[in-house]
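Participant: For reference, the structure I am asking about is given below.
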Amino acid sequence: MSQITVTGGKPLVGRVDIKGAKNLVTKAMVAALLGNTASVLKDVPKISDVEVVSRLLQLHGVIINHGDDGVMTLDPSNVESARMVDIDAHAGSSRIPILFCGPLLHRLGEAFIPDLGGCHIGDRPIDFHLEVLRNFGAVIEKLPNGTRMSAPDGLKGAKVSLPYPSVGATEQVLLTSVLAEGITELSGAAIEPEIMDLIAILQKMGAVISVDTDRVIRVEGVEKMRGYSHRALFDRNEAASWAAAALATNGDIFVGGARQPEMMTFLNVFRKVGGAFEIEDDGIRFYHPGGELNPVVIETDVHPGFMTDWQQPLVVALTQAKGLSIVHETVYENRFGFTDALNDMGAQIQIYRECLGGNPCRFGQRNFYHSAVISGPTKLKAADIRVPDLRGGFSHMVAALAAEGTSHVSNVQLISRGYEHFLDKLAALGADFSYTE
Ligand code: EPZ
Numbered sequence: 103m104s105q106i107t108v109t110g111g112k113p114l115v116g117r118v119d120i121k122g123a124k125n126l127v128t129k130a131m132v133a134a135l136l137g138n139t140a141s142v143l144k145d146v147p148k149i150s151d152v153e154v155v156s157r158l159l160q161l162h163g164v165i166i167n168h169g170d171d172g173v174m175t176l177d178p179s180n181v182e183s184a185r186m187v188d189i190d191a192h193a194g195s196s197r198i199p200i201l202f203c204g205p206l207l208h209r210l211g212e213a214f215i216p217d218l219g220g221c222h223i224g225d226r227p228i229d230f231h232l233e234v235l236r237n238f239g240a241v242i243e244k245l246p247n248g249t250r251m252s253a254p255d256g257l258k259g260a261k262v263s264l265p266y267p268s269v270g271a272t273e274q275v276l277l278t279s280v281l282a283e284g285i286t287e288l289s290g291a292a293i294e295p296e297i298m299d300l301i302a303i304l305q306k307m308g309a310v311i312s313v314d315t316d317r318v319i320r321v322e323g324v325e326k327m328r329g330y331s332h333r334a335l336f337d338r339n340e341a342a343s344w345a346a347a348a349l350a351t352n353g354d355i356f357v358g359g360a361r362q363p364e365m366m367t368f369l370n371v372f373r374k375v376g377g378a379f380e381i382e383d384d385g386i387r388f389y390h391p392g393g394e395l396n397p398v399v400i401e402t403d404v405h406p407g408f409m410t411d412w413q414q415p416l417v418v419a420l421t422q423a424k425g426l427s428i429v430h431e432t433v434y435e436n437r438f439g440f441t442d443a444l445n446d447m448g449a450q451i452q453i454y455r456e457c458l459g460g461n462p463c464r465f466g467q468r469n470f471y472h473s474a475v476i477s478g479p480t481k482l483k484a485a486d487i488r489v490p491d492l493r494g495g496f497s498h499m500v501a502a503l504a505a506e507g508t509s510h511v512s513n514v515q516l517i518s519r520g521y522e523h524f525l526d527k528l529a530a531l532g533a534d535f536s537y538t539e
């Protein structure tokens with residue numbers, strides 16, 4: 103189990119460069135299965151989610167090369183069925199395997215998907231995915247160790263509607279409909295920038311997709327698609343994480359590769375809290391301009407709202423704001439588990455079952471602690487922490503870096519699921535830490 107010993111209280115200052123978004127790159131890799139020629143994806147980070155998806159694609163005969171320059175080639179010329187036992191070895195390691203369904207059904211007529219993993223931030227069911235696939239004509243059988251699918255009559259375009267604009271289920275529809283026979287109309291679609299980038303990739307491959315108003319996406323199925331060449335959208339979750347780290351540690355971080363348009367909602371909140379930023383051609387500088395930080399009221403939401411993945415690092419900065427901040431989490435029912443460790447470090451965060459906000463939310467009047475009130479500023483003190491999940495873990499690291507004294511943070515390898523060269527970046531920012539495997 104990997105552990106970091108961190109001596110905090112020192113501002114993080116310097117530059118980090120970020121690559122393509124974890125939540126786009128992994129899906130773009132799956133999209134390569136749909137082409138009849140090789141694809142080239144640029145700016146692919148070396149993170150463990152990318153490794154898991156690479157291994158699953160390789161099991162299905164895709165030849166992959168991932169260079170140190172971040173360029174990945176994926177050759178799907180010889181796609182083949184993989185052994186269930188080999189696929190099963192990846193059970194619980196990621197949520198991406200569910201997106202293999204459509205492409206594998208098109209290529210092979212069958213698919214086996216292991217039980218899924220990913221962060222424990224709620225139940226994270228796959229009911230929307232399965233319902234959508236059934237609409238396209240897939241026959242689904244639940245086995246003890248995963249899910250088997252077939253498409254005896256091929257996949258046909260369908261009119262589908264999502265009860266909630268799920269990112270993954272929207273991607274499921276896209277990856278399945280592009281080669282399905284006829285027209286698909288999806289209403290209630292998610293429209294995150296990562297989804298728009300996936301649509302751009304699919305269009306390069308030969309797909310016909312239009313994004314209409316009011317969350318409606320229309321796809322006209324085509325008979326065949328080719329490989330693509332694409333530079334992945336930057337990771338705005340990583341950019342927001344470093345921005346929050348700059349604020350929480352009184353620091354100054356230039357995030358190379360970050361862009362303004364996809365971060366506008368975050369930038370507004372960052373400014374309201376009292377953070378400063380400067381937008382340059384090649385990235386964004388985020389810094390604490392001195393003085394007091396202000397409390398804010400935010401509600402996480404689907405795009406173009408404030409992303410759920412931005413909430414956890416920002417909460418650490420809010421422990422340093424003067425007054426009461428409120429965060430209403432409306433995307434996941436259980437994403438405040440990380441606040442226990444922050445309270446152990448001296449933060450004052452109360453979580454509530456009630457909806458503390460005006461957004462319609464699926465979790466009100468139920469047993470989900472999905473609203474948080476943060477009272478600040480509080481001095482953070484060092485502690486022994488175990489990383490619970492990706493974003494929560496990053497927040498704990500930031501809290502340890504902001505705290506006086508020496509903290510021990512274990513299970514840190516989880517952070518490398520989504521942050522490339524995490525420790526090198528911390529070192530480049532002047533963090534005082536040592537690492538033991
Ligand atoms: C993606 O997860 C991201 N993961 C998440 O990032 C991100 O938080 C989330 O989208 C929202 O932006 C990847 O892209 C790999 P959803 P996804 O389907 O697609 C419910 C991170 O830290 N739901 O939009 O799994 C679900 O339980 C991660 O980088 C169903 O009820 O998210 C949740 O409450 C964490 N049934 C809500 O919808 C379903 O079949 C949104 O989930 C599917 C989803």
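First residue of the sequence shown? That's 103 in the numbering used here, and the numbers climb one at a time after it.
Beta carbons: idealized from backbone N, C-alpha and C, even for Gly.
Residues bridged to residue 431 by DSSP?
Facilitator: Mapped onto the sequence shown, residue 431 falls at position 329. Answer is none; residue 431 lacks a bridge partner.
Participant: What are the start and end residues of the alpha helix (DSSP H) that includes residue 283?
Facilitator: Translated into positions along the sequence shown, residue 283 becomes position 181. Here residue 283 belongs to no alpha helix (DSSP H), and DSSP marks it neither H nor E.
Participant: Report buried or exposed for residue 462, applying the criterion of at least 16 other Cβ atoms within 10 angstroms of its Cβ.
Facilitator: Reading the sequence shown from its first residue, position 360 is the one you call residue 462. It counts as exposed.
Participant: Quick check: residue 335 and residue 122, are their CB atoms within less than 8 Å of each other?
Facilitator: The residue you call residue 335 lines up with position 233 of the sequence shown. The residue you call residue 122 lines up with position 20 of the sequence shown. Contact flag set, yes.
Participant: Below 7 Å, is the gap between the Cβ of residue 406 and the nearest heavy atom of ligand 1?
Facilitator: Residue numbering aside, residue 406 sits at position 304 when the sequence shown is read from its first letter. Flag unset: Cβ of residue 406 not near ligand 1.
Participant: Have a look at the DSSP bridge pairing and note the partners of residue 426.
Facilitator: Position 324 of the sequence shown holds residue 426. In DSSP, residue 426 forms a bridge with 477.
Participant: I want to check one thing, is the minimum distance from the CB of residue 192 to the heavy atoms of ligand 1 below 7 Å?
Facilitator: One-based indexing of the sequence shown puts residue 192 at position 90. Residue 192 Cβ: outside cutoff for every heavy atom of ligand 1.
Participant: Below 8 Å, can you find three or more Cβ-Cβ pairs linking the stretch 131 to 145 to the stretch 183 to 196?
Facilitator: At 8 Å Cβ cutoff, the stretches do not touch.
Participant: Reducing DSSP to helix, strand and coil, say where residue 251 ends up.
Facilitator: Taking the sequence shown and counting its residues from 1, the one referred to as residue 251 is at position 149. Residue 251: strand per DSSP, three-state reduction.
Participant: Count the C-beta pairs between the stretch 307 to 317 and the stretch 264 to 280 that are closer than 8 Å, then say yes if the count reaches three, no if not.
Facilitator: Cβ pair count under 8 Å is three or more, so yes.
Participant: Of all Cβ atoms in chain B, is any one closer than 8 Å to the Cβ of residue 140?
Facilitator: Protein chain content of the structure displayed is limited to a single chain, and chain B is not contained in it.
Participant: Among residues of its own chain, excluding the 5 on either side of residue 237, which ones have a beta-carbon nearer than 7 Å to its beta-carbon?
Facilitator: Position 135 of the sequence shown, counting from 1, holds the residue named residue 237. Correct list, in chain order: 260 and 262.
Participant: Beta-carbon separation of residue 533 and residue 114 under 8 Å?
Facilitator: The count along the sequence shown starts at 1 and reaches residue 533 at position 431. The count along the sequence shown starts at 1 and reaches residue 114 at position 12. Against a cut-off of 8 Å, the Cβ pair of residue 114 and residue 533 comes out as a contact.
Participant: If you measure between the beta carbons of residue 154 and residue 183, is that distance less than 8 Å?
Facilitator: Translated into the one-based positions of the sequence shown, residue 154 becomes position 52. Translated into the one-based positions of the sequence shown, residue 183 becomes position 81. Not a contact, by the Cβ cut-off of 8 Å.
Participant: Can you check whether the CB of residue 357 is closer than 8 Å to the CB of residue 388?
Facilitator: Looking up residue 388 in the sequence shown gives position 286. Looking up residue 357 in the sequence shown gives position 255. In contact: residue 388 and residue 357 (Cβ atoms closer than 8 Å).
Participant: The beta strand (DSSP E) that contains residue 213, what's its start and end?
Facilitator: Locating residue 213 in the sequence shown gives position 111, counting from the first residue. Start and end: 212 to 216.
Participant: Run the proximity test for residue 345: is its beta-carbon closer than 7 Å to any non-hydrogen atom belonging to ligand 1?
Facilitator: For the purposes of this step, residue 345 is taken as residue 243 along the sequence shown, with counting starting at 1. Not under cutoff, so the answer is no.
Participant: Within the same chain, show all residues whose beta-carbon is closer than 6 Å to that of residue 330, passing over the 5 residues directly before and after it, in chain order.
Facilitator: Mapped onto the sequence shown, residue 330 falls at position 228. Same-chain partners within the cutoff: 141, 303, 306 and 307.
Participant: Considering only C-alpha positions, which residue in the set 498, 478 and 165 is nearest to residue 487?
Facilitator: Along the sequence shown, read from residue 1 onward, the residue named residue 487 stands at position 385. It is 498 whose Cα lies nearest to the Cα of residue 487.
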